[in-house]
Amino acid sequence: MAGTVVFDLDGTLADTSADLIAAANSCFEARGLEALLDPVADALIAFHGGRAMLRAGYGRMPQDVLLPPGAEDEDFPRLLDFYGRNIAVHTRLYPGVETALERLASDGHRLAICTNKPEGLAENLVRRLGIRDAFAALIGADTLPVRKPDPRPYRAAVEAAGGEVSRSFLLGDTETDCKTAAAAGVRIALVGFGPEGGAISRLKPDALIGHYDELPDLARSWLSTRVSA
């Protein structure tokens, strides 16, 4: 029986790290500094959010450079503005995403996105990546008054897609996703090709996939029965 597969976005459907890092570096460069973050070495920092990137960069500034009071609050909107204008320069879907989405849909599953990226940015990104029409619902960080790991955004994503929480699961790449699934009473599958790679198995998810080719079979197995929330 068909169900609902809910996807995280950054680090799960797409590798967005290079464009996120570029947005943070634009703030440092506007202050006359060099690019303080590396798009490869600092990819994991990118998935902790804009403020985390800014703080990481500030921590690497030369000791003789002083930030003015409120620098983070001043730079954060600039980061979002730059990112919004350059959201899909380097970002790419992970291998096999489009084929997996097609197979899931052909099996009758409903698909939704639940992300801690602001809704407007998330909508812009998935449209630029050409996959928006695959999803019946998208819930962002600011769609509701709360965000993941609160279970309400997850439940809202499932319900907006026309599904039932008891016949759904979450695919993600972080501890936040694990906590969200636990709070919602659903299974969690993590990707082994995201920002942490196979090391994400430390979180002991219900399943770990190494390629999107594995997702349709997992969905068939998990969504054949209800999960008691």
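Quick note on this note's numbering: the sequence shown kicks off at 36 and runs consecutively.
For every residue, glycine included, the Cβ atom is placed at its ideal position computed from N, Cα and C.
All values reported here derive from a predicted model rather than from experimental measurement.
| Query | Result |
| --- | --- |
| Cα-Cα separation, F42 to H83 | 17 Å |
| Simplified DSSP assignment, three categories, for T150 | coil |
| N-terminal and C-terminal residue of the alpha helix (DSSP H) that L136 is part of | V132 to S141 |
| Candidates P188, D185, V221 and L136: closest to F204 by CA position | V221 |
| Every unbroken beta strand (DSSP E) inside the region 162-208 [3 residues or more] | 172-174 and 203-207 |
| Neighbourhood of I174 by C-beta, 6 Å cutoff - its chain only, sequence neighbours within 5 removed | C149, P188, A191 and A192 |
| K239 and T211 closer than 8 Å at C-beta | no |
| Integer-rounded CB distance, given that A59 should sit under 8 Å from G92 | 6 Å |
| Spatial distance of D241 from D252 (CA atoms) | 14 Å |
| Beta-carbon proximity check, A57 vs L164, cutoff 8 Å | no |
| Supposed contact pair A171 and L146 - C-beta distance, whole angstroms, cut 8 Å | 6 Å |
| Cβ-based neighbour list, T51, same chain, cut-off 6 Å, excluding 5 preceding and 5 following | D45 and T126 |
| Residue range of the alpha helix (DSSP H) that includes I80 | A78 to A81 |
| F63: first and last residue of the uninterrupted beta strand (DSSP E) it sits in | Careful: F63 lies outside any beta strand (DSSP E), inside the alpha helix (DSSP H) at S52 to A65. |
| CB of G198 within 8 Å of CB of T39, strictly | yes |
| Beta carbon of T47 nearer than 8 Å to that of D208 | yes |
| T215 - containing alpha helix (DSSP H), residue span | E210 to A219 |
| For V132, the nearest candidate out of P230, Y118, V226 and G85 (CA to CA) | V226 |
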